[in-house]
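A.B. asks:
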Amino acid sequence: MNQIIEFEDTGQDFLKWIVSPTGEVLDCVPFQAWLWCEKKVVATQFNKAGKLVLVLLDPETKEEMVLKHAITSIRTTNKSQFHAPKKAAKIPTGLTAAQARS
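Its first residue numbered 3, the sequence shown is counted upward by one per residue in our numbering.
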């Protein structure tokens with residue numbers, strides 16, 4: 003099962019991650035999913051409330067970083083994302099964006 007990791011709010015742009023059993027960050031809210039998704043949490047079994055998270059940033063260079071935001075809770079979930087993805091509006095072929103808006 004996946005885990006939801008909640009972080010202490012110290013003004014950062016993310017508060018929760020969904021992490022797979024292999025440590026991959028699957029989703030991040032409220033912001034910065036573009037930055038954190040597909041990164042890897044290292045040694046998830048050692049993470050617990052009050053502790054910090056070690057993240058593998060680049061598997062090729064083995065670059066890692068410790069987040070300065072402490073974990074407030076970890077719980078299991080069957081979710082892989084917090085919200086269903088929004089469907090993109092389709093613009094009919096052959097129309098410009100301005101024509102489609104009118």
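From the three backbone atoms N, C-alpha and C, an ideal C-beta is built for every residue, glycine too.
Roughly how many whole angstroms lie between the Cα atoms of Ala51 and Val68?
C.D. replies: 15 Å
A.B. asks: Going by C-alpha to C-alpha distance, which of Val43, Gly13, Glu66 sits closest to Ile20?
C.D. replies: The shortest Cα separation from Ile20 among Val43, Gly13, Glu66 belongs to Val43.
A.B. asks: Quick check: what's the CA-CA separation for Pro23 versus Asp15?
C.D. replies: 24 Å
A.B. asks: I need the straight-line Cα distance from Pro61 to Leu28, nearest angstrom please.
C.D. replies: Each residue's alpha carbon lies about 16 Å from the other.
A.B. asks: Phe9: buried (16+ other C-beta within 10 angstroms of its C-beta) or exposed?
C.D. replies: Phe9 counts as buried, since at least 16 other C-beta atoms from the protein chains shown sit within 10 angstroms of its C-beta.
A.B. asks: Identify the residues that DSSP records as bridge partners of Val55: which are they?
C.D. replies: Beta-bridge pairing links Val55 to no other residue.
A.B. asks: Report, in whole angstroms, the separation of the C-beta atoms of Gln5 and Thr74, which I expect to be a contact under 8 Å.
C.D. replies: The Cβ separation is near 13 Å, so there is no contact.
A.B. asks: Could you tell me the boundaries of the beta strand (DSSP E) in which Leu2 lies?
C.D. replies: Since the displayed the chain opens at 3 and closes at 104, residue 2 lies outside it and no answer follows.
A.B. asks: Could you name the residues that DSSP lists as bridge partners for Gln5?
C.D. replies: Val21, Thr78
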